[in-house]
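What follows is a short report on a single structure.
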Amino acid sequence: MAEFSTLSAALRRGRRAVAIGLRRRDLSSTSSKRPRDSELRKGGMAQLVGKFHRPGENHLTEGYVVTDKTQALLQEHLERTGGKAVTRFPPEPNGILHIGHATSINFNFNFAKAHKGVCYLRYDDTNPGKADEQYIRQILEMVQWLGHTPDKVTFASDYFPQLYQLARRLVSSSLAFVCHQPPHEVRGHHAPPSPWRDRPAEESLHLLEEMRKGKFKEGEATLRMKMVMEDSKVDPVAYRVRFAPHPRTGTDWCIYPTYDYAHCLCDSLEDITHSFCTKEFQMKRSSYYWLCNALDMYCPVQWEFGRLNVKHAPVSKRKIQSLIHTGTVRSSPPLKPLNKGHLGDIESVLYSEVSPHY
């Protein structure tokens, strides 16, 4: 796996450049304010450590949407988790991982470990045309190669039945509708308004069931949510038609949830306390909170951190796969388990003593 050869070389050449910079710090003075970009540039993730919320104190974080059901939902969540921190590493199994994923893996697993919590490995297998069994196996191997053992391995596809029923609830509440605009019209941030946005809920429910039965061709119908995202994108797609077989569910489904729809709901169903993601997902935070609250579900807190970039090395599954397919680089042999010394070197580089406390 070529990118892990790149990972080892990068670690040897530039430890300071890769280190995230977390340090021991007391989390007892939890703040609701999110740090400014200037703070992150000066102190790295160390500036964030004292600002993480305790489990159950989601409502104290900046930007969190509070409803009249929030307190009851948080209390039920605490009863299910016992007040533990719950994190997850949620890769899409469509390619081999790279050094950027290593930072996310270490962040999620070490945060949970430091707080005597749990961390799940959850595969985001919502795209049947790209999810692949070989990557499912390799991703788990890479997580273990970095010295971590998931408390549970789950798949977004585990929740397909629940996600579909939740979509029906959205439609019944007139918060989603079936749309027939072609894909090229819906893409981007300046899509024309859908002429089907105000169709009756009963009609959309019937059409959603027709989508589920395979009565529409790919691109002929989508389920869209009635909301505006932070980047001004209107009515993001929740479900689309795909007839490709899924590696785990086969041909049981021909409609599949999108990332914007499934990600936050899977986090909620798994009682995630801290949903860590890279900075480019900040614009999706409002839709994350909107959807959980629209369905009266427990809402986790999304936290963003800066994406790792390495000079003169691609940090992208798509780019790395292209280099392998064109023969520019070779795929590496299977990973060998790290001995304790090597693991300590990598953890010190990626996390520099990750032991924050509440």
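In my numbering, the protein residues as written are 9 to 366.
For every residue, glycine included, the Cβ atom is placed at its ideal position computed from N, Cα and C.
Segment limits, alpha helix (DSSP H) that includes residue i
| i | result |
| --- | --- |
| Met235 | Neither: Met235 is in no alpha helix (DSSP H) and is coded neither H nor E. |
| Lys121 | Ile107 to Ala122 |
| Phe185 | Where Phe185 is concerned, there is no enclosing alpha helix (DSSP H), although the beta strand (DSSP E) it sits in stretches over Ala184 to Cys187. |
| Asn66 | Premise fails: Asn66 is in no alpha helix (DSSP H) and is neither H nor E. |
| Trp153 | Glu141 to Trp153 |
| Leu303 | That residue, Leu303, is in no alpha helix (DSSP H); it is neither H nor E in DSSP. |
| Ser180 | Phe168 to Ser180 |
| Ala80 | Thr78 to Thr89 |
| Glu217 | Ala209 to Arg220 |
| Glu193 | Pro191 to Val194 |
Integer Cβ distance of residue i from residue j, believed to fall under 8 Å
| i | j | result |
| --- | --- | --- |
| Pro253 | Asp140 | At roughly 12 Å, the Cβ-Cβ gap does not stay under 8 Å, so Pro253 and Asp140 are not in contact. |
| Val194 | Glu228 | Actually they are not in contact, since the Cβ atoms of Val194 and Glu228 sit about 12 Å apart, beyond 8 Å. |
| His67 | Leu82 | 7 Å |
| Ile280 | Val94 | 5 Å |
| Met237 | Met150 | Between Met150 and Met237 the Cβ distance is about 32 Å, and since that is not below 8 Å, they are no contact. |
| Leu183 | Met233 | 7 Å |
| Pro175 | Leu231 | For the sequence presented, residue 175 should be read as Ala rather than Pro. About 6 Å; that satisfies the 8 Å criterion. |
| Thr134 | Tyr267 | 7 Å |
| Gln310 | Ser283 | 5 Å |
| His192 | Trp204 | About 17 Å; that fails the 8 Å criterion. |
Start and end residues, beta strand (DSSP E) containing residue i
| i | result |
| --- | --- |
| Ala246 | Val245 to Val249 |
| Glu100 | Element bounds for Glu100: n/a, residue is neither H nor E. |
| Leu312 | The amino acid at residue 312 is misidentified as Leu; the sequence shows Glu. From DSSP, the beta strand (DSSP E) with Glu312 extends over Val309 to Phe313. |
Buried or exposed by the 16-neighbour rule on C-beta atoms within 10 Å, applied to residue i
| i | result |
| --- | --- |
| Pro101 | buried |
| Ser165 | buried |
| Gly103 | buried |
| Gly125 | buried |
| Gly335 | exposed |
| Gly108 | buried |
| Pro99 | buried |
| Pro308 | buried |
| Pro190 | exposed |
| Ser212 | buried |
| Asp243 | buried |
Chain-order list of residues whose beta-carbon lies under 6 Å from that of residue i (same chain, five-residue window excluded)
| i | result |
| --- | --- |
| Glu372 | One cannot answer for residue 372 here, as it falls past the ends of the chain, which runs 9 to 366. |
| Ser40 | Note that Ser40 scores a pLDDT of 49, beneath 50, so its modelled location is shaky; the value from the coordinates is reported in the next line. Only Leu68, Thr69 and Glu70 meet the Cβ criterion. |
| Gly64 | Leu82 and Leu86 |
| Gly137 | Ala252 |
Beta-ladder partner(s) of residue i, from DSSP
| i | result |
| --- | --- |
| Gly227 | Answer by DSSP bridge pairing: none, since Gly227 is not bridged. |
| Tyr131 | Phe163 |
| Arg96 | Tyr128 |
| Arg263 | Here residue 263 turns out to be Ile, not Arg, going by the sequence shown. Answer is Val249. |
| Phe284 | Trp311 |
| Gly369 | Any property of residue 369 remains undetermined from this structure, which presents the chain solely from 9 to 366. |
| Val242 | Val236 |
Own chain residues within Cβ distance below 7 Å of residue i, not counting five before or after
| i | result |
| --- | --- |
| Pro345 | Interpretation of Pro345 is limited by its pLDDT of 47, a score under 50 that renders its predicted location unreliable; no figure is taken from the coordinates. |
| Phe168 | Thr257 and Trp261 |
| Ile113 | Phe97, Val151, Leu154 and His156 |
| Ala367 | Since the first residue of the chain shown is 9 and the last is 366, residue 367 is not available in this structure. |
| Ile144 | Pro101 and Tyr131 |
Within-8 Å CB hit, residue i to chain D
| i | result |
| --- | --- |
| Glu193 | The structure shown has no chain D; it contains just one protein chain. |
Residues near residue i by beta carbon distance below 8 Å, same chain, minus five either side
| i | result |
| --- | --- |
| Phe163 | Arg130, Tyr131, Asp133 and Arg256 |
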